[in-house]
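Asker:
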Amino acid sequence: MKSLLTTGNRQLSTLLRVVCGLLCVLCGPISSHALDREAFTFTLYDLEVRVAPARQWLEAKGRITLRNDSAEPQRVATLQISSSLDWISLRAGGQPVQSLTQSYTSDVDHTGSLSEALVTLPQPVAPGQTVELEIAYAGIIPADSTRLRRIGAPASVAARNDWDQIGESFTAVRGLGYVAWYPVALTAASFSDGNEVFDGMARWQARHAKSEARMDFCRELEGLTGNLPRPVLNGEELPMGDLAGGAVGRKAEEERPAVCRRYRFAALGFVAPAFAVGNYQTLRQPPVEVDYLPGQQAAAADYAAAVPGLEPLVTDWFGPLRRELHIIELDKLEAEPYESGAVLFTPLGTAERKALEMALAHSLTHAAFDSPRLWIDEGAAHFAQALAVEQQGGRAAAIAYMGNQRPALVEAEASPPVPAAPGTTPDTTASQSLISSADAVFYRTKAMYVFWMLRDLLGDAALQRALKNYRAADDKAPAYLQTLAEAQAVARKSLEWFFDDWVYRDRGLPDFRIAAVYSRPALGGSFGVTVTVENLGGAGAEVAVFARSEHGQVSERVLVPARGKGVARLTIPEKPNEVSVNDGSVPESDLANNSAPVPEKPE
Ligand SMILES: [Zn+2]
């Protein structure tokens, strides 16, 4: 479970970036001019999807509503599905529309390519106006990791990450960013180009934050009897209502009986529809539900049993659970877990209770707390994982846990900024700010540290109150969280400097060094120690400074501004022999210069 949700994207993108330097010529997008693929927002999907596992088959038909969110009237709408699927029918107002279908190279799909339809609309759609299209498409969804293999990822890495497929015995398929099994429209993105794929997905998510999908999802039975394997999706399940042709949830069409379920996805910016079909049994143990495969009952019970020990921690920090945690088992033990809000697709391995708690704290936080901002949504969930480790093993264990993720952050902060367009100057300070970054190491790891530092700045109770006052719907300005936090701070102390250095701008990391130390005997045999800490980095922080003697240590927190100094004045009961700065709770670029001996005589 270690890799869960922490460094996956980053490792992958780093690996791919390295490998791809040699192979970029293979990965470049097909150029297309004068076509704005991202002009339309898909505001509503209303689809019936049928899956036939025995044939690896998926077919879908229904309606989609597109809104022109560009500034220009649009005559052509772009619709993209995975390259293993084919368009069958495209109509508007009941009439076939003219369209050009082509293969379009892009790494947003596991096949590395999309079946793209360029649909000529009956009339131009003005900015802000919508158009409804009737669509049908079908094809197979086999396991495919072309996009990773062609840039040199080892087969095992590719299989671990791109595990999506419709298979005879087990099916699991994710949406945007993995398999375009419902139509999307994105400008081509390649893993060989920095964060292009993740940036493209982030743009899509932002545009589709309020988009909705309704799906009748059917699993064809194909001769199956008895226990009917049911599809499971990561959306809200609705009653079947008028869909049921005969028995509830069963539908016979063209003599192909199926088990159907109806799902609604209320905010596609946050949840990419994903489905799994397997011989699932369900373990319901509120607030958790585990869909597990045959023989996995004990593992499912372990997962469910890890939740009660976590629930008080999560609700203390983030408020009551708003939804259940839903765990859906993946059949391959090596598959990387995939999270979608409070739904977690994961292999159910044997793991110790502590490891399970650490992993599940993440998804349980998503069940209690939502934010439209990636860094807050994911940062809070990773922060909760560190809190779970702290609950088990104390503060030092939590800091060590965060410290395992620090090298990736140091590396990311040291990476050159995304190249700027020709003729412009690269913006080295705003490109990876937490409010705009689509790079997982920033919105996960750096954001986790930011929450931990806020906690140390404000105290637990104050940050807990601020988080409980947080309302996703009210988060309309980047400074919203800062305002909530300042309202709870002692004496309303300003946090502007902190948010400016860590959230609104990317100023890199601090680098503390001990600039000067001196100690002198004080009253009653104790010693006064004065420690000057210098920050060589671009981000300021409040950091702990320690003085150690043979039998103990004392500490004080000091604010050390970027490229500035801070002074700690400590009193220690016996002769100090060493001072140091930073217990590891502030991520910094160089930990090698953080301690110094205390000189025998004052300098
Ligand atoms: Zn998450």
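Going by numbering that gives the first Met the number 0, the first residue of the sequence shown is number 0, and it counts up by one from there.
Glycine included, every Cβ here is placed at the ideal spot set by N, Cα and C.
(1) Using a 10 Å radius around the Cβ and a threshold of 16 neighbouring Cβ atoms, would you call I513 buried or exposed?
(2) Classify V516: buried if its beta carbon has 16 or more other beta carbons within 10 angstroms, exposed otherwise.
(3) Could you tell me which of L508, A298, Y262 sits nearest to D45, measuring between CA atoms?
(4) State yes or no: is the C-beta of A385 nearer than 7 Å to some heavy atom of ligand 1?
(5) Going by CA-CA distance only, name the one from A461, R454, L433 that's closest to A446.
(6) Would you kindly report the start and end of the unbroken alpha helix (DSSP H) that includes R148?
(7) Are the CB atoms of Q97 and T129 within a distance shorter than 8 Å?
(8) To the nearest angstrom, how far is the alpha carbon of Y503 from that of G138?
(9) In whole angstroms, what is the alpha-carbon distance linking Q94 and P123?
(10) What's the gap between the Cα of D35 and the Cα of R470?
(11) Indicate whether L237 and A299 have their beta-carbon atoms separated by less than 8 Å.
(12) Do Q404 and T444 count as a contact pair if the criterion is CB distance below 8 Å?
(13) Using DSSP with H/G/I as helix, E/B as strand and the rest coil, what is S588?
(14) Nearer than 7 Å: is that true of the beta carbon of H325 relative to any heavy atom of ligand 3?
(15) Classify K1 as helix, strand or coil using the three-state DSSP reduction.
(16) Going by DSSP, which residues form a beta bridge with G127?
(17) Helix, strand or coil for K564 per DSSP?
(18) Given a cut-off of 8 Å, decide if T570 and G527 are closer than it, judged by their beta-carbon atoms.
(19) Look up N233 in the DSSP assignment and give the residues it is bridged to.
(20) For N581, which beta-bridge partners are listed by DSSP?
(21) Between T603 and L329, what straight-line distance do the alpha-carbon atoms span, to the nearest angstrom?
(22) Hey, out of P596, V566, R562, whose CA is closest to V578's CA?
(23) Would you report the Cα separation of E599 and D499, rounded to the nearest angstrom?
(24) Out of Q164, A187, S191, state which residue places its alpha-carbon closest to the alpha-carbon of L178.
(25) Which residue comes first and which comes last in the alpha helix (DSSP H) that contains V409?
(26) Check this for me: beta carbons of V306 and L359, under 8 Å apart or not?
(27) Given 8 Å as the limit, is there contact between the stretch 463 to 477 and the stretch 310 to 320, that is, 3 or more CB pairs closer than that?
(28) Beta-carbon within less than 6 Å of R556's beta-carbon, same chain only, minus the 5 sequence neighbours each way: which residues are those?
(29) If you draw a straight line from the C-alpha of P364 to the C-alpha of V75, how long is it?
(30) In chain order, what residues of the same chain have a beta carbon less than 7 Å from the beta carbon of N67, not counting five sequence neighbours either side?
(31) Based on the DSSP output, what are the partners of I327 in its beta bridges?
(32) Taking C-alpha atoms, which residue in R322, I80, L89, I87 lies nearest to D106?
(33) Where does R321 fall in DSSP's three states?
(34) Might you give, ordered along the chain, the residues of its own chain that have their beta carbon closer than 7 Å to the beta carbon of R454, omitting 5 neighbours on each side?
Answerer: So, to answer that:
(1) buried
(2) buried
(3) Y262
(4) no
(5) By alpha-carbon distance to A446, the top candidate from A461, R454, L433 is L433.
(6) Note, R148: alpha helix (DSSP H), 145 to 148.
(7) Not closer than 8 Å, so no.
(8) 45 Å
(9) CA-CA distance, Q94 to P123, rounds to 16 Å.
(10) 34 Å
(11) For L237 and A299, no; Cβs fall outside 8 Å.
(12) yes
(13) coil
(14) With respect to ligand 3, the structure offers nothing, as its ligand set consists of ligand 1.
(15) Low per-residue confidence applies at K1: pLDDT is 35, beneath 50, and the placement is therefore not dependable, though the value from the model is reported in the following sentence. Looking at K1 - three-state DSSP - the assignment turns out to be coil, as it is neither helix nor strand.
(16) Bridge partners of G127: none, in fact.
(17) strand
(18) yes
(19) Answer is none; N233 lacks a bridge partner.
(20) Partner(s): none; N581 has no beta bridge.
(21) Past the boundaries of the shown model lies residue 603; the chain is included only from 0 to 602, so the question cannot be answered.
(22) P596
(23) 40 Å
(24) Reading off the sequence, residue 178 comes out as Val, not Leu. Measuring from the Cα of V178, the nearest candidate turns out to be Q164.
(25) 405 to 413
(26) yes
(27) yes
(28) E541, A543
(29) According to the sequence displayed, residue 364 carries Thr and not Pro. Between T364 and V75, the C-alpha separation is close to 42 Å.
(30) A38, F39, Q73, V124, A125, P126, G127, Q128
(31) Beta-bridge pairing links I327 to D290, F344.
(32) I80
(33) coil
(34) L462
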